[in-house]
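Chemist: Residue numbering for the sequence shown follows our numbering, starting at 26 and increasing by one per position.
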Amino acid sequence: MRRILASSFIGSAIEYYDFLLYATAAAIVFGQVFFTDLGPGMAAFASFGTLAAGYVARPLGGAIFGHFGDRVGRKTVLIVSMMTMGVATTLIGLLPTTAQIGVIAPILLITLRVVQGLAVGGEWGGAMLMALEHSPDKKRGFAASFANMGAPAGALLATLAVSLFTLLPDGQFLAWGWRVPFLISIVLVTVGLVIRLKVSETPLFQQLEAKADSKKIPLTEVLTKHPKNLVLGIIAGTSVYTIAGMVTVWAVSYAVDAGADKTGVLNAKALAAFGMVITTMIGARLSDRFGRKPVMLTGVIAAALCAFPILWLVDSGTVVGFTVAVVLGQALQGLIFGPFGAFTAELFPTRVRYTGASLSYQSASTFGAGFTPAIAAGLLVIGGGSLTLLGSVWIVAFIAAAVAILLTKEGRTQDLAGMK
Numbered sequence: 026m027r028r029i030l031a032s033s034f035i036g037s038a039i040e041y042y043d044f045l046l047y048a049t050a051a052a053i054v055f056g057q058v059f060f061t062d063l064g065p066g067m068a069a070f071a072s073f074g075t076l077a078a079g080y081v082a083r084p085l086g087g088a089i090f091g092h093f094g095d096r097v098g099r100k101t102v103l104i105v106s107m108m109t110m111g112v113a114t115t116l117i118g119l120l121p122t123t124a125q126i127g128v129i130a131p132i133l134l135i136t137l138r139v140v141q142g143l144a145v146g147g148e149w150g151g152a153m154l155m156a157l158e159h160s161p162d163k164k165r166g167f168a169a170s171f172a173n174m175g176a177p178a179g180a181l182l183a184t185l186a187v188s189l190f191t192l193l194p195d196g197q198f199l200a201w202g203w204r205v206p207f208l209i210s211i212v213l214v215t216v217g218l219v220i221r222l223k224v225s226e227t228p229l230f231q232q233l234e235a236k237a238d239s240k241k242i243p244l245t246e247v248l249t250k251h252p253k254n255l256v257l258g259i260i261a262g263t264s265v266y267t268i269a270g271m272v273t274v275w276a277v278s279y280a281v282d283a284g285a286d287k288t289g290v291l292n293a294k295a296l297a298a299f300g301m302v303i304t305t306m307i308g309a310r311l312s313d314r315f316g317r318k319p320v321m322l323t324g325v326i327a328a329a330l331c332a333f334p335i336l337w338l339v340d341s342g343t344v345v346g347f348t349v350a351v352v353l354g355q356a357l358q359g360l361i362f363g364p365f366g367a368f369t370a371e372l373f374p375t376r377v378r379y380t381g382a383s384l385s386y387q388s389a390s391t392f393g394a395g396f397t398p399a400i401a402a403g404l405l406v407i408g409g410g411s412l413t414l415l416g417s418v419w420i421v422a423f424i425a426a427a428v429a430i431l432l433t434k435e436g437r438t439q440d441l442a443g444m445k
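1. Can at least three beta-carbon pairs, one atom from the segment 118-129 and one from the segment 353-365, be found at a separation below 8 Å?
2. Out of A130, I135, Y41, A31, point me to the one whose CA is closest to G74's CA.
3. If you draw a straight line from the alpha carbon of V102 to that of T380, how long is it in whole angstroms?
4. Verify whether the separation of the beta carbon atoms of W203 and S383 is less than 8 Å.
5. Do you know how far the Cα of T348 is from the Cα of V290?
6. Please determine, among V97, V272, T433, K287, the residue with the shortest C-alpha to C-alpha distance to T191.
7. Report the option in I104, V281, A285 whose CA atom is closest to the CA atom of R221.
8. What is the DSSP secondary structure of E371, reduced to helix, strand or coil?
9. Could you tell me whether the segment 312-319 touches the segment 429-440, using the rule of 3 or more Cβ pairs below 8 Å?
10. Could you give the residue range of the alpha helix (DSSP H) that holds S383?
11. Where does R310 fall in DSSP's three states?
12. Could you have a look at K434 and say whether DSSP puts it in helix, strand or coil?
13. On the CB-based measure, 16 or more other CB atoms within 10 Å of its CB, does V58 come out buried or exposed?
14. Using a Cβ-Cβ cutoff of less than 7 Å, which residues in the same chain neighbour L414 once the five nearest sequence positions on both sides are dropped?
15. With a 10 Å radius around its C-beta and 16 neighbouring C-beta atoms as the bar for buried, classify P194 as buried or exposed.
16. Excluding the 5 residues flanking A399 on each side, which residues of the same chain have their C-beta closer than 7 Å to its C-beta?
17. Per DSSP, what kind of secondary structure is M26 in: helix, strand or coil?
18. When you compare only the Cα positions, how much space is there between A367 and Q197?
19. Can you tell which of I424, M67, L45, L63 has its C-alpha closest to the C-alpha of P177?
20. Do three or more CB pairs link the segment 205-216 to the segment 321-330 at distances below 8 Å?
21. Measure the C-alpha to C-alpha separation of L30 and A394 and round it to an integer number of angstroms.
22. With a cut-off of 8 Å on the beta carbons, I'd call M306 and T397 a contact; round off their distance for me.
23. Given this structure, state the Cα-to-Cα distance separating E158 from A401, to the nearest angstrom.
24. Can you tell me where the alpha helix (DSSP H) with A169 in it begins and where it stops?
25. Using a Cβ-Cβ cut-off of 7 Å (strictly less than) and excluding sequence neighbours within five positions of I260, which residues of its own chain qualify?
26. Using the Cα positions of M108 and G179, report the straight-line distance between them to the nearest angstrom.
27. Could you have a look at I209 and say whether DSSP puts it in helix, strand or coil?
28. State the CB to CB distance for the pair A285 and T343, rounded to an integer number of angstroms; the pair is presumed to be in contact (CB under 8 Å).
29. Do you know how far the Cα of I35 is from the Cα of V47?
30. Compute the distance between the beta-carbons of V81 and G147, then report whether it is under 8 Å.
31. Tell me which same chain residues have a C-beta within less than 6 Å of the C-beta of E246, skipping the five on either side of it?
32. Tell me whether the beta-carbon of G175 lies closer than 8 Å to the beta-carbon of S37.
33. Are A370 and T263 closer than 8 Å when you measure CB to CB?
34. In the DSSP assignment, find the alpha helix (DSSP H) that holds L405 and state where it starts and stops.
See the structure below:
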């Protein structure tokens with residue numbers, strides 16, 4: 026079981042290193058490298074637009090990889106998704122700039138970002154299920170959280186990697202320094218593949234295969250037999266990713282533009298990611314004892330109450346203000362995120378669990394994190410620079426998530442093998 030949990034955590038951390046590395050680069054690099062013909066504001070908007078393209082691709086990746094994960098097994102699909110991610114990330118690190126090859130550069134950037142989105146769309150569901158479907162019933166939340174902890178751990182590694190190279194003079198950083206963290210991906214992916222090849226298929230999937238049940242199309246079954254659970258899972262998960270998009274992407278760009286030191290902001294983001302690993306584990310442990318719904322609701326309500334204080338801290342234009350904001354935001358995100366893996370898995374039966382859980386999670390990431398930075402920038406423009414409209418919309422997203430969580434059935438005590 027330790028090997029399985031390690032595989033889930035390390036594999037997820039490597040894939041999210043790749044995926045979230047792009048988010049950091051989009052906030053501080055790509056506008057100056059791939060969108061040089063635009064003004065600073067439009068360059069940031071365009072850069073965040075390419076970031077969103079990866080998130081838009083995630084539900085499609087969840088459907089494609091989920092289909093094969095439910096039909097041929099979790100392990101094989103996880104290996105393919107990791108290889109796909111590693112190749113795309115490495116190619117981004119080798120991509121010529123707009124100054125070198127013109128408009129083809131941002132087009133290739135968007136294409137590779139979409140490939141990243143497809144790959145990570147298949148990653149989380151498989152990594153989470155490999156842990157959850159091997160674990161004892163009373164520890165499902167904790168086991169599933171190892172895939173969730175991989176995301177902030179990957180963000181931590183990615184942020185520290187970029188932060189290290191921001192110590193270079195700006196000219197060198199923009200010329201080649203930002204590329205090195207992307208090129209490191211090939212080494213990390215090789216390590217991840219070696220670990221994953223040593224893990225066996227999950228017992229629940231093996232039982233399903235042994236029954237020789239009729240093989241329907243998983244996506245069709247999710248959409249026709251479990252649409253309510255799918256929608257509620259997406260809305261509940263959007264709260265997690267709204268925080269991610271706000272405090273780890275939009276707020277980074279906003280704080281730096283407001284005068285905060287770039288390296289200091291990235292180090293604060295890394296500190297917050299480490300804190301999120303801890304609160305994710307705590308949230309998962311609490312959910313195994315008290316249930317998924319009470320823990321997630323606590324996090325969502327607390328996040329709604331802290332929305333404006335977080336925005337005011339970011340607006341201070343200081344590293345200290347940003348640090349408090351991002352640490353608080355990601356701590357609350359971890360509290361919701363900890364139970365979320367088990368929460369989504371327990372919404373669907375084994376034969377469609379990979380597809381259903383992946384679609385819920387990845388669609389939430391699209392609506393929450395994918396569009397949030399661009400929407401936040403737009404709301405600031407509409408509000409004349411005031412944070413009032415932005416904060417109000419953010420709170421509405423949390424209220425919607427709370428309602429969705431209340432409408433779901435508590436899954437902590439469900440028999441996953443017997444679900445219909």
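All residues carry an ideal CB built from backbone N, CA and C; glycine is no exception.
Modeler: Walking through what the data contain:
1. no
2. By 1-based counting over the sequence shown, the position of residue 74 is 49. When only C-alpha atoms are compared, the closest one is I135.
3. Working through the sequence shown from its first residue, we reach residue 102 at position 77. Working through the sequence shown from its first residue, we reach residue 380 at position 355. Rounded to the nearest angstrom, the two C-alpha atoms are 12 Å apart.
4. The residue you call residue 203 lines up with position 178 of the sequence shown. The residue you call residue 383 lines up with position 358 of the sequence shown. No; because the gap between Cβ atoms is not below 8 Å, this pair is not in contact.
5. Working through the sequence shown from its first residue, we reach residue 290 at position 265. Working through the sequence shown from its first residue, we reach residue 348 at position 323. Between V290 and T348, the C-alpha separation is close to 7 Å.
6. On the sequence shown, residue 191 is found 166 positions in, with the first residue counted as 1. The option with the nearest alpha carbon to T191 is K287.
7. As a first step, residue 221 is located in the sequence shown; it is residue number 196 there, counting from the start. Closest by alpha carbon: I104.
8. Mapped onto the sequence shown, residue 371 falls at position 346. DSSP places E371 in coil when its eight states are reduced to three.
9. yes
10. What you label residue 383 is simply residue 358 of the sequence shown in a count that begins at 1. Looking at the DSSP string, the run of the alpha helix (DSSP H) that includes S383 is 378-390.
11. Here residue 310 is taken as the residue at index 285 of the sequence shown, counted from 1. Correct three-state label for R310: helix.
12. Here residue 434 refers to the residue found at position 409 when the sequence shown is read from its first residue. DSSP places K434 in coil when its eight states are reduced to three.
13. Residue mapping note: residue 58 aligns to position 33 of the sequence shown, counting from 1. Flag for V58 reads buried.
14. For the purposes of this step, residue 414 is taken as residue 389 along the sequence shown, with counting starting at 1. Closer than 7 Å at the Cβ level, and outside the excluded window around L414, lie L404, I407, G408.
15. The sequence position of residue 194 within the sequence shown is 169, counting from 1. P194 comes out exposed.
16. Counting from one through the sequence shown, the residue named residue 399 turns up at place 374. The answer, listed in chain order, is F70, F73, G74, A77.
17. One-based indexing of the sequence shown puts residue 26 at position 1. Reduced to three states, the DSSP call for M26 is coil.
18. Along the sequence shown, read from residue 1 onward, the residue named residue 367 stands at position 342. Along the sequence shown, read from residue 1 onward, the residue named residue 197 stands at position 172. Those two C-alpha atoms are separated by around 44 Å.
19. One-based indexing of the sequence shown puts residue 177 at position 152. Measuring from the Cα of P177, the nearest candidate turns out to be L45.
20. no
21. Here residue 30 is taken as the residue at index 5 of the sequence shown, counted from 1. Here residue 394 is taken as the residue at index 369 of the sequence shown, counted from 1. Rounded to whole angstroms, L30 to A394 spans 26 Å at the Cα level.
22. In the sequence shown, residue 306 corresponds to position 281, counting from 1. In the sequence shown, residue 397 corresponds to position 372, counting from 1. About 25 Å; that fails the 8 Å criterion.
23. Taking the sequence shown and counting its residues from 1, the one referred to as residue 158 is at position 133. Taking the sequence shown and counting its residues from 1, the one referred to as residue 401 is at position 376. Looking at the two C-alpha atoms, the distance is approximately 38 Å.
24. Along the sequence shown, one-based indexing puts residue 169 at 144. 165-190 is the span of the alpha helix (DSSP H), which, as asked, contains A169.
25. Within the sequence shown, residue 260 is the residue found at index 235, counting from 1. Once the five neighbours on either side are set aside, the close Cβ partners of I260 are A425, A426, A429.
26. On the sequence shown, residue 108 is found 83 positions in, with the first residue counted as 1. On the sequence shown, residue 179 is found 154 positions in, with the first residue counted as 1. C-alpha separation (whole angstroms): 16 Å.
27. Here residue 209 corresponds to residue number 184 of the sequence shown, with the count starting at 1. Reduced to three states, the DSSP call for I209 is coil.
28. As a working mapping, residue 285 is identified with position 260 in the sequence shown. As a working mapping, residue 343 is identified with position 318 in the sequence shown. Yes, A285 and T343 are in contact; Cβ-Cβ is about 6 Å, under 8 Å.
29. Looking up residue 47 in the sequence shown gives position 22. Looking up residue 35 in the sequence shown gives position 10. Looking at the sequence provided, one finds Tyr at residue 47 rather than Val. Each residue's Cα considered, the two are about 19 Å apart.
30. Mapped onto the sequence shown, residue 81 falls at position 56. Mapped onto the sequence shown, residue 147 falls at position 122. Result no, Cβ atoms of V81 and G147 do not sit closer than 8 Å.
31. Taking the sequence shown and counting its residues from 1, one reaches residue 246 at position 221. Closer than 6 Å at Cβ, skipping near neighbours: V377.
32. Numbered from 1 along the sequence shown, position 150 holds the residue referred to as residue 175. Numbered from 1 along the sequence shown, position 12 holds the residue referred to as residue 37. Yes, they are a contact pair.
33. As a first step, residue 370 must be located in the sequence shown, where it is residue number 345. As a first step, residue 263 must be located in the sequence shown, where it is residue number 238. Cβ distance not < 8 Å, so A370 and T263 don't count as in contact.
34. For this step, residue 405 is matched to residue 380 along the sequence shown. L405 -> alpha helix (DSSP H) spans 397-407.
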